[in-house]
Amino acid sequence: MPDMVFKGIEIVGTSEQSFTHAIEVAVSRARQTLHNLSWFVVQEQRGGLQQGRLEYQVTLRVYFKLDSAENPGEAGESGTA
Numbered sequence: 019m020p021d022m023v024f025k026g027i028e029i030v031g032t033s034e035q036s037f038t039h040a041i042e043v044a045v046s047r048a049r050q051t052l053h054n055l056s057w058f059v060v061q062e063q064r065g066g067l068q069q070g071r072l073e074y075q076v077t078l079r080v081y082f083k084l085d086s087a088e089n090p091g092e093a094g095e096s097g098t099a
């Protein structure tokens, strides 16, 4: 396996259903603009109230493989690496 480098960014997902759904929302959205997502770490869970309704909030750190020098455009953020 060749040497690889990964980058991690922090994102926050929200849901009115559950913490699990907030994670699913965040990862689903990240997959639209980040390529080769490899793993995530839940850093924080918290709740809020929006107009009297519960809101579940989850802070995640998601990691993705950076483009290799030999194969630019293979992975990473859309338009950047």
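Count along the sequence shown starting at 1, add 18, and that's the number in this note's numbering. Built from N, CA and C at the ideal position, the CB exists for glycine as well.
How far does the beta strand (DSSP E) with Gln-35 in it extend, from its first residue to its last?
Position 17 of the sequence shown holds residue 35. Gln-35 -> no beta strand (DSSP E), and no H or E assigned at all.
Does the distance from the CB of Ala-40 to the CB of Ser-46 come in under 8 Å?
The sequence position of residue 40 within the sequence shown is 22, counting from 1. The sequence position of residue 46 within the sequence shown is 28, counting from 1. Not a contact, by the Cβ cut-off of 8 Å.
Would you report the Cα separation of Ser-56 and Leu-67, rounded to the nearest angstrom?
Along the sequence shown, one-based indexing puts residue 56 at 38. Along the sequence shown, one-based indexing puts residue 67 at 49. Roughly 32 Å between the two C-alpha positions.
What did DSSP end up calling Pro-20 once you bin it into helix, strand or coil?
Counting from 1 along the sequence shown, the entry for residue 20 is found at position 2. Coil at Pro-20, not helix or strand.
For Lys-83, which residues in the same chain have their Cβ closer than 7 Å to its Cβ, ignoring the five residues on either side in sequence?
Position 65 of the sequence shown, counted from the first residue, corresponds to residue 83. If we look at Lys-83 and ignore the five residues flanking it on each side, its Cβ neighbours are Met-22, Phe-24, Asn-54, Ser-56 and Ala-93.
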